[in-house]
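Taking the numbering used here, the leading residue of the sequence shown gets 11, the next gets one more, and so forth.
In this text, a Cβ means the ideal position worked out from N, Cα and C, and glycines have one as well.
Here the structure is a predicted model, which means the values were calculated and not measured.
Scroll down for the structure; my scribbles are underneath it.
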Amino acid sequence: MDFSLTNEQKDIKKAAAEFASGEFQSELIQECELNHRFPREIYKKAGELGFIGLDYPDDVGGGSLGIMENVLVIEEFCKADSGMGMAIHLAYLPAKIVKIFGTAEQRLKFLGPLVKGDWVSAVSFTEPDHGSDLTRMETTLEEKADGFVLNGTKIFTTNGAYADFFIVLAQEDPDARPGKGMTTILVERDSSSWLDGKMEINDIPNKMGLRMASSSELVFQDLKISKENILGKRGRGLLNVLDFLDESRIEIGAQALGNCEGAFLKALNHAKERRQFETPIIDFQGIGHKLARMWSQIQSIKWLNYYGAWLCDHGTANMSGSIPLFTSIVKHHVPETAKKIIDDAITVFGGYGYFLEQDVERRYRDNRIVEMYEGTVEVQLNNIVRILKRINPDFLSSTFL
Ligand SMILES: Cc1cc2nc3c(=O)[nH]c(=O)nc-3n(C[C@H](O)[C@H](O)[C@H](O)COP(=O)(O)OP(=O)(O)OC[C@H]3O[C@@H](n4cnc5c(N)ncnc54)[C@H](O)[C@@H]3O)c2cc1C
């Protein structure tokens, strides 16, 4: 058993921290936050320096590394700034489905520009009547002699305002049983790639947090897409999405991990500097114990998150059943714990914590979505119960060892 990071992993973590401290300048953060602007120039720099696509193969310009390396970068970016770190991660995360299921041509076409920071990706699964329950889509996909025709409406698509391509989940067989008959297809923003029809993209304004990333409604009207854009096996769309979620939820966990570490560090500094009753507030047991508990909680979710990433990268075949379990454990436990830690950071700041300037209230708002997207906390707990009902959870006799 070896908990140490490799030298390469330590270098990546350090480089990510240095990049974030140099590029995530507070004036730029304020400007992007207040104008709801995606920091595309910082995303581009992150791509040029190799932070995007660390887990992609080198033939598309990726790092041929793993989920662990991604987690380390996301953690450092979100530790430096929740808004910027999350927006940058969410711009390349959706393309992971192309890494897993794309043909060689699709990988080259879509991942090549993405790893350089030139292209932004998006996933469009959620519909007005289908959020947690993706076992049926109202968006339809119909095969024609020279392509596929998409019709329907998607909501809450992150990056909708500026994504270069969308991975859309659609119902191909309307008579299929729940969860079946769906297909994933790549839709390019560039209308010259369409064979016919229309795609409308409408902004959904006034979010609680995550203000540097756009949220959109997408409406497809007889949008005809070429056959080369079918992603993965037809009819296996939902399974493609679930395989993607196994990896992506571990990375999403790292957003919350970084978000709360950043809040903790700010709170610790404040508690050492702020004096009341002629005493630094860290010396009041109520505040000191709070900080001690926050630090312990951070260590516990950090190692859980790292273990989830390790499992994705190194789990042996007989451990593969543990991945959906741990991915759900990470996806509910890390953001829920992070929410409590950030809330405690606000307490340490007193009234100052309630204002945007100290950043802790923004971290709270940004972090809140981590509990929801890519499957809510309740959905993760359902997954865990489903698995617990059929396995022997006793550690010694399980495959978790
Ligand atoms: C800012 C933001 C960004 C997003 N980005 C994207 C994106 O890029 N692409 C995309 O496709 N989607 C995206 N989503 C959608 C997101 O994944 C869904 O909002 C989420 O999965 C929940 O679906 P819902 O909102 O329809 O809630 P519902 O499914 O209606 O759930 C409402 C409540 O009921 C609970 N619930 C539902 N079913 C069960 C159950 N079986 N057991 C117990 N409780 C249950 C839920 O946990 C929740 O608390 C985004 C959402 C937001 C807010």
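Just to confirm, are residue i and residue j a CB contact at a threshold of 8 angstroms?
| i | j | result |
| --- | --- | --- |
| residue 72 | residue 64 | yes |
| residue 380 | residue 265 | yes |
| residue 318 | residue 337 | yes |
| residue 374 | residue 354 | no |
| residue 89 | residue 219 | no |
| residue 344 | residue 267 | yes |
| residue 177 | residue 196 | yes |
| residue 209 | residue 175 | no |
| residue 201 | residue 213 | no |
| residue 95 | residue 42 | no |
| residue 66 | residue 121 | yes |
| residue 169 | residue 130 | yes |
| residue 97 | residue 49 | yes |
| residue 397 | residue 321 | no |
| residue 112 | residue 249 | no |
| residue 51 | residue 238 | no |
| residue 70 | residue 179 | no |
First and last residue of the beta strand (DSSP E) that includes residue i?
| i | result |
| --- | --- |
| residue 9 | Outside the displayed range of the chain (11 to 411) lies residue 9, so it cannot be described from this structure. |
| residue 210 | 206 to 213 |
| residue 165 | 157 to 168 |
| residue 133 | 131 to 134 |
| residue 179 | 175 to 181 |
| residue 234 | 225 to 235 |
For residue i, which of the options has the nearest alpha-carbon?
| i | options | result |
| --- | --- | --- |
| residue 162 | 207, 223, 13 and 252 | 207 |
| residue 99 | 229, 165 and 77 | 77 |
| residue 324 | 257, 274 and 275 | 257 |
| residue 346 | 55, 377, 148 and 331 | 377 |
| residue 281 | 227, 295 and 173 | 295 |
| residue 110 | 255, 44, 279 and 331 | 255 |
| residue 58 | 126, 97 and 289 | 126 |
| residue 80 | 293, 289 and 23 | 23 |
| residue 383 | 29, 134 and 198 | 134 |
| residue 87 | 389, 149, 56 and 238 | 56 |
| residue 183 | 332, 297, 19 and 247 | 247 |
| residue 349 | 269, 404 and 399 | 269 |
| residue 185 | 198, 16, 171 and 148 | 148 |
Any idea what DSSP makes of residue i, helix, strand or coil?
| i | result |
| --- | --- |
| residue 402 | coil |
| residue 217 | coil |
| residue 63 | coil |
| residue 78 | helix |
| residue 373 | helix |
| residue 354 | helix |
| residue 345 | helix |
| residue 188 | coil |
| residue 49 | coil |
| residue 199 | coil |
| residue 396 | helix |
| residue 326 | coil |
| residue 386 | coil |
| residue 378 | helix |
| residue 259 | helix |
| residue 117 | helix |
| residue 303 | helix |
How far does the alpha helix (DSSP H) with residue i in it extend, from its first residue to its last?
| i | result |
| --- | --- |
| residue 142 | Run containing residue 142: none; DSSP gives neither H nor E here. |
| residue 124 | 122 to 125 |
| residue 243 | Per DSSP, residue 243 belongs to no alpha helix (DSSP H) and is neither H nor E. |
| residue 21 | 17 to 33 |
| residue 110 | 106 to 111 |
| residue 100 | 92 to 102 |
Given residue i, which residues of its chain have a CB within under 6 angstroms of its CB, disregarding the five upstream and five downstream residues?
| i | result |
| --- | --- |
| residue 136 | 165 and 166 |
| residue 159 | 152, 232 and 234 |
| residue 46 | 221 |
Please go through the same chain and pick out, in chain order, the residues whose beta-carbon is closer than 7 angstroms to the beta-carbon of residue i, but skip the five residues on each side of it.
| i | result |
| --- | --- |
| residue 340 | 259, 260, 263, 314, 315 and 318 |
| residue 60 | 73 |
| residue 146 | 140, 181 and 188 |
| residue 143 | none |
| residue 217 | 225 |
| residue 387 | 342, 346 and 381 |
| residue 124 | 62, 63, 102, 105 and 131 |
| residue 278 | 301 |
Taking 8 angstroms as the threshold (beta carbon to beta carbon), is residue i in contact with chain D?
| i | result |
| --- | --- |
| residue 373 | No chain D is present in this structure, which holds just one protein chain. |
For residue i, collect the residues of the same chain with a Cβ closer than 8 angstroms to its Cβ; drop the 5 residues on either side in sequence, then sort them by chain order.
| i | result |
| --- | --- |
| residue 274 | 301, 304, 305, 308, 351 and 355 |
| residue 372 | 43, 92, 93, 219 and 366 |
| residue 205 | 156, 157, 234, 235 and 236 |
| residue 244 | 182 and 193 |
| residue 290 | 281, 282, 283 and 284 |
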